[in-house]
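Here's the structure, in structure tokens; my notes come after.
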Amino acid sequence: MIAEKILLISSRKIPYDIDRCTSSECVDAVLFGRNMTRAKAVFIYKIKVLYDTCMDEQSIEKEGSKPLKNILKELGGWPLLEDTDWNEKAFDWVKTLIRFRELGYSHSILFEVSVTDDPWDSSATIIKLDQPLFGTDRKELLANEVFTKPYAELMKEVVYYFRFEDRSTVEIDRVRNEMENMLKFENILA
Numbered sequence: 001m002i003a004e005k006i007l008l009i010s011s012r013k014i015p016y017d018i019d020r021c022t023s024s025e026c027v028d029a030v031l032f033g034r035n036m037t038r039a040k041a042v043f044i045y046k047i048k049v050l051y052d053t054c055m056d057e058q059s060i061e062k063e064g065s066k067p068l069k070n071i072l073k074e075l076g077g078w079p080l081l082e083d084t085d086w087n088e089k090a091f092d093w094v095k096t097l098i099r100f101r102e103l104g105y106s107h108s109i110l111f112e113v114s115v116t117d118d119p120w121d122s123s124a125t126i127i128k129l130d131q132p133l134f135g136t137d138r139k140e141l142l143a144n145e146v147f148t149k150p151y152a153e154l155m156k157e158v159v160y161y162f163r164f165e166d167r168s169t170v171e172i173d174r175v176r177n178e179m180e181n182m183l184k185f186e187n188i189l190a
């Protein structure tokens, strides 16, 4: 009886199409290679749209940093890019966090808020406050310059790129001071 089952299983071949569909080649060919309509599962449609957007290198090159700059402006701006147009008194961090959430971005900037089940009372929940999510690992932030210096350098390069793209200048000392202040602030939060 056991020998018959082994023979039956070994004689069954997986069709070529099914076997191929477990590979990334199938994903490319079947899911991303054909036109998809909203009639399909919504999550698959969204994945397809995201994939198509990421693969459209011509549009990405054409748009450059405009989409990111537009989002930054909508979220209150980045003082290093806004120069004298940025008004510290008009900036409301609570409204900015709300807008982050509305746009679907992580809003765990100053602190993380979550709701979890109470481990001692299954009918209750707990509001949990935790440390924020940083641009780099918390341990690295608290360690030393070996980790924080490249992080600050990357931020500086982003500012220089944006300013170069706009054909505007920025004071190198100002950028350095802002990055040092940013790292100090993240260290305080960490």
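Read left to right, the sequence shown gives residues 1 to 190 (the UniProt record's numbering). Ideal Cβ placement from N, Cα and C applies to all residues, glycine included. Being a predicted model, the structure only gives us computed values, none of them experimental.
- Per DSSP, the unbroken beta strand (DSSP E) holding residue 117 starts and ends at 112-118.
- In the structure shown, the three-state DSSP call for residue 127 is strand.
- Judged by DSSP in its simplified three-state form, residue 122 adopts strand.
- DSSP places residue 171 outside both helix and strand once states are collapsed to three, so it counts as coil.
- When secondary structure is reduced to three states using DSSP, residue 100 falls in the helix class.
- Distances from the CA of residue 147 to each of 52, 183, 79 and 124 were compared; the closest alpha carbon is that of 183.
- For residue 152, the enclosing alpha helix (DSSP H) covers residues 145-165.
- Assigned with DSSP and collapsed to three states, residue 59 falls in helix.
- Counting the other CB atoms within 10 Å of its CB gives residue 68 a total below 16, which places it among the exposed residues.
- In the structure shown, residue 79 falls within a helical segment according to DSSP collapsed to helix, strand and coil.
- Between the alpha carbons of residue 159 and residue 80 lies a distance of about 7 angstroms.
- CA-to-CA, the gap between residue 170 and residue 72 works out to about 18 angstroms.
- For residue 139, there are no CB contacts under 7 angstroms within the same chain when 5 residues up- and downstream are skipped.
- Apart from the 5 residues on each side of it in sequence, residue 75 sits with its Cβ closer than 7 angstroms to the Cβ of 96, 99 and 100 in its chain, given in chain order.
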